[in-house]
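Below: the structure, in structure tokens.
Number of protein chains: 2
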Amino acid sequence: MPGQPTMRSVAEHAGVSHQTVSRVVNGDPTVTDAVRERVVTSMSALGYRPSAGGRAMARGRTEVVGLVIPHDPGFAFANDHLIRMMTGAEQELAARGYGMLLSTRETAKDPASAYRRFDRRRLVDGLIVEGGGGTAALPRLVELGYPVVVIGYTEDDLAMVHPDDEGGAYAVAQHLLALGHRRIGVVNGPPESRLAMAARMRGVHRAFTDARLEPPPGLEVHGDFTFASGHAAAQRLMALPAPPTAVFAFNDAMALGVLRWMRENGKSVPGDVSIAGFDDTSAAVLGETPLTSVALQSVDLGRRAAQILLDLLDGKNAQNTETVMAGRLMVRASTAPPRTVI
Amino acid sequence: MPGQPTMRSVAEHAGVSHQTVSRVVNGDPTVTDAVRERVVTSMSALGYRPSAGGRAMARGRTEVVGLVIPHDPGFAFANDHLIRMMTGAEQELAARGYGMLLSTRETAKDPASAYRRFDRRRLVDGLIVEGGGGTAALPRLVELGYPVVVIGYTEDDLAMVHPDDEGGAYAVAQHLLALGHRRIGVVNGPPESRLAMAARMRGVHRAFTDARLEPPPGLEVHGDFTFASGHAAAQRLMALPAPPTAVFAFNDAMALGVLRWMRENGKSVPGDVSIAGFDDTSAAVLGETPLTSVALQSVDLGRRAAQILLDLLDGKNAQNTETVMAGRLMVRASTAPPRTVI
DNA sequence: GACTGTAAAGTGAGCGTTCACTTGAGGGCA
DNA sequence: TGCCCTCAAGTGAACGCTCACTTTACAGTC
């Protein structure tokens, strides 16, 4: 787009200096109303819009932050969370005049792919990384001098924002215990998410401990967050000599897999087996048997991450904080007291 | 981040001119291997990374495009599509060295909000707008000189990329007719999507016509794409004197609402009533009764939109094309022959 | 040997802002 | 009246890159 009006052309049109136009654009209070009005008139007469590139050059920062999200074809179920988180972050950033540049990474194939962009070129001021797991490339970004906020967990010394996984899992386990379940099966997640999964596991154990009960041994199996792995996990759990009366899957997709297995094998839910999930995805809510699950505050998670990053950019709050946002237990039709209270 | 190395400092370190460094960065073939190697060594020794701002200034374009997506709290079901579309677009853009700036708009509250950013400041070279509906602000963007590609439908004279809504709906209707259904209820979408919905309706009618049948009158009701509206629509359809034997809802969320109503009212699916949706969301696939639906090529839709936009930016393909991407009928457990073939 | 052509590298301006500093006008006060 | 102070606006450089043009070196030709 050649021939776009510049500050100098606006200045000429308004009969002031370019610096005065700059002051008007940036809301400098020292400009008198008369001059300001003249400049504003010229700006709209010429159709002037400031160039982000010019500003970036002069200020030494781009006022754009990068958002790195995982993108794994198989993990479609996290989409509700991702979209909400993104909009939360975007709105917070927009409110402070920042833009959000999106970069996707295929965790499995090439974890570093999404970072490479930021490594190669200086086009963002900081980064929000969704999902700390499997991000060995994180230290490289820090090395480059980027402020980084992780949505999720990381072992690197970075600001973290994450849901209260332990509290959420505690709430689910407590709910199931209160219904009278004792043999509670757990479908745990994959190694990439071990920090979040460990927190959820702690929550489950704490619920048992608080109820002065021992967590039943041998009722924990592992999935990889996919529907299919939940389905397989149900098979394994129900084949045990003493199968569980309730299954708590560490995400909704696996919980739906468990539910499907129950349907296929003539088990009623919640009659024979109660099922609970985690994430409160639309698939869990809108199904024929709505799932008890834990709702994350995805929008606020994104919003908060953006706030922290902006504070880091402003030099405020240089501490690498850990922010935990409460989850909410959503009790639905998939959980009920066990047939025979033990 | 002050004191970052620049082209000139790299040039000094390597004992060449800044222009030679520029040539190396941009892969100019006229640089001899010896010099190139020296420059590359200096670049990594100093940790040099080009400044996107400087390049944007000098080139007069930012090499970033904007992606505008709708964000309506109630419309969570489109998330699968959105994420896939975004990753498709992002990967295509990244492959050509472009960045993708995200902007969300709340269609209902303030349709123009997402555009304002691009109106106020010159920070992208072009725009991809997801969902043409309700975008009265589009002409303003064109007026500003942005190349725009719409994913969806628009009445403005812009490049469009959209799924084959007519063909997809045709496939569903044909499938239901082939099963023996004649009284096929349709749960249509909201006015904002009227162009897409009209295409789907044409598809349904064409299927009837091709089968030398008359579309049954009075079996079309309207929803707003939400689960609740699908639920209500089922109520209305089934209260008719001659209720449908199959219901085709124009998105999955409404189809799931229909399914729920059937469950609550003792109708078996697909025994008493067949149900089909549109979009092939995870909620439809992973439910207890997997839904027959139409899968969109969301990733390719995004990828294609990005390609077209990049071509527009290159001055190639100045035509405002309309690109249609086939959908795929996914037949699942929610559709079967009617109990009594009429 | 002088001339031309070409490939490789260098020079300097310019892109549109902001920053640090300077100028100028006007007011208050002794 | 003269001085200083304050507030509003102006001046010019700098930010880091690319573009258009120029220089240099060297080989080929007559």
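Chains as they are written, first to last, in this note's numbering: chain A, 1488 to 1829; chain B, 1488 to 1829. For every residue, glycine included, the Cβ atom is placed at its ideal position computed from N, Cα and C.
### Message
Suppose you measure from the CA of B/His-1568 to the CA of B/Leu-1783; what does that come to, to the nearest Å?
### Response
8 Å
### Span of the alpha helix (DSSP H) around A/Asn-1566
1566-1582
### Query
Is A/Leu-1533 closer than 8 Å to A/His-1500 when the C-beta atoms are compared?
Yes, the pair counts as a contact, with Cβ atoms nearer than the cut-off.
### Message
Taking 8 Å as the threshold (C-beta atoms), are B/Ala-1793 and B/Glu-1579 in contact?
### Response
yes
### Query
Within this structure, are the beta carbons of B/Leu-1743 and B/Val-1781 separated by less than 8 Å?
no
### Message
Between which two residues does the alpha helix (DSSP H) holding B/Leu-1589 run?
### Response
Not the alpha helix (DSSP H): B/Leu-1589 falls in the beta strand (DSSP E), residues 1586-1592.
#### Entry: DSSP-derived helix/strand/coil call for A/Glu-1653
helix
### Query
If you measure from the beta carbon of B/Met-1544 to each beta carbon in chain A, is any gap under 8 Å?
yes
### Query
Going by Cα to Cα distance, which pick from A/Ile-1671, A/Val-1691, A/Ala-1665 and A/Thr-1808 is closest to A/Met-1725?
A/Met-1725 has its Cα closest to that of A/Ile-1671, out of A/Ile-1671, A/Val-1691, A/Ala-1665 and A/Thr-1808.
### Message
If we define contact as Cβ-Cβ less than 8 Å, is A/Ser-1531 a contact residue for chain B?
### Response
no
### Query
What residues of chain B sit near A/Glu-1775, judged by a beta carbon separation below 8 Å?
Neighbours of A/Glu-1775 on chain B, chain order: Leu-1746, Arg-1747, Arg-1750, Gly-1774, Glu-1775 and Thr-1776.
### Query
Using a Cβ-Cβ cut-off of 7 Å (strictly less than) and excluding sequence neighbours within five positions of A/Pro-1489, which residues of its own chain qualify?
In this predicted model, A/Pro-1489 has a pLDDT of only 48, less than 50, meaning its place in the structure is not dependable; the value taken from the coordinates is given anyway. In its own chain, leaving out the 5 sequence neighbours on each side, no residue places its CB closer than 7 Å to the CB of A/Pro-1489.
### Message
Is it buried or exposed, B/Pro-1634, if we count other Cβ atoms within 10 angstroms and call 16 or more buried?
### Response
buried
### Task
Consult DSSP for B/Ser-1761 and reduce its assignment to one of helix, strand or coil.
strand
### Query
In the region 1703-1731 of chain A, which residues sit with their C-beta less than 7 Å from some C-beta in chain B, listed in chain order?
Phe-1714
### Message
Using only the alpha-carbon positions, how far apart do A/Val-1828 and A/Arg-1699 sit?
### Response
Residue confidence is low: A/Val-1828 scores 46 on pLDDT, short of 50, so the model does not pin down where it sits. Its coordinate-derived value is still stated next. Cα-Cα distance, rounded: 17 Å.
### Task
Check whether the Cβ atoms of A/Leu-1588 and B/Met-1647 sit closer than 8 Å, and answer yes or no.
no
### Query
For A/Ala-1820, which three-state DSSP category applies?
coil
### Query
Do we get a CB-CB distance below 8 Å when we pair B/Asp-1567 with the residues of chain A?
yes
### Same chain, Cβ closer than 6 Å to A/Ala-1720, neighbours up to 5 away in sequence not counted
Closer than 6 Å at the Cβ level, and outside the excluded window around A/Ala-1720, lie Val-1674, Val-1708 and Gly-1710.
### Message
Any beta carbon from chain A within less than 8 Å of B/Ala-1686's own beta carbon?
### Response
no
### Query
Whose Cβ in chain A lies nearer than 8 Å to the Cβ of B/Leu-1588?
Val-1551, Gly-1586, Met-1587, Leu-1588 and Leu-1589
### Query
Roughly how many whole angstroms lie between the Cα atoms of A/Ala-1854 and B/Met-1741?
Lying outside 1488 to 1829, the shown extent of chain A, residue 1854 of chain A is not represented and no answer is given.
### Query
For A/Phe-1695, which three-state DSSP category applies?
In the structure shown, A/Phe-1695 sits in a helix (DSSP, three-state: H, G or I).
### Message
Can you give me the C-alpha to C-alpha distance between A/Val-1818 and B/Ala-1729, rounded to a whole angstrom?
### Response
38 Å
#### Entry: Continuous beta strand (DSSP E) stretch holding A/Gly-1502: start and end
Segment: none, A/Gly-1502 is in no beta strand (DSSP E) and carries neither H nor E.
### Query
How is B/Gly-1618 classed by DSSP in three states: helix, strand or coil?
coil
### Message
Under 8 Å, Cβ to Cβ, is there at least one residue of chain B near A/Arg-1510?
### Response
no
### Message
Buried or exposed, going by whether 16 or more other CB atoms sit within 10 Å of the CB of B/Leu-1796?
### Response
buried
### Task
Could you tell me which residues DSSP puts in a beta bridge with A/Ser-1538?
B/Arg-1609
### Query
Is A/Pro-1703 near A/Arg-1669, with beta carbons less than 8 Å apart?
yes
### Query
Taking Cβ positions, are A/Thr-1768 and B/Thr-1574 nearer each other than 8 Å?
Result no, Cβ atoms of A/Thr-1768 and B/Thr-1574 do not sit closer than 8 Å.
### Task
Please compile the residues from chain A whose C-beta is within a distance smaller than 8 Å of the C-beta of B/Pro-1516.
Here the premise fails: no neighbours, minimum Cβ distance about 20 Å.
### Message
Any beta carbon of chain B sitting closer than 8 Å to that of A/Ala-1498?
### Response
Taking Cβ atoms only, chain B never reaches closer than 8 Å to A/Ala-1498, which makes this a no.
### Query
Does any C-beta atom of chain B lie closer than 8 Å to the C-beta of A/Pro-1492?
Chain B contact via Cβ: absent.
### Task
Kindly list, in the order they appear in chain B, the residues whose Cβ is closer than 8 Å to that of A/His-1558.
Ile-1570 and Thr-1574
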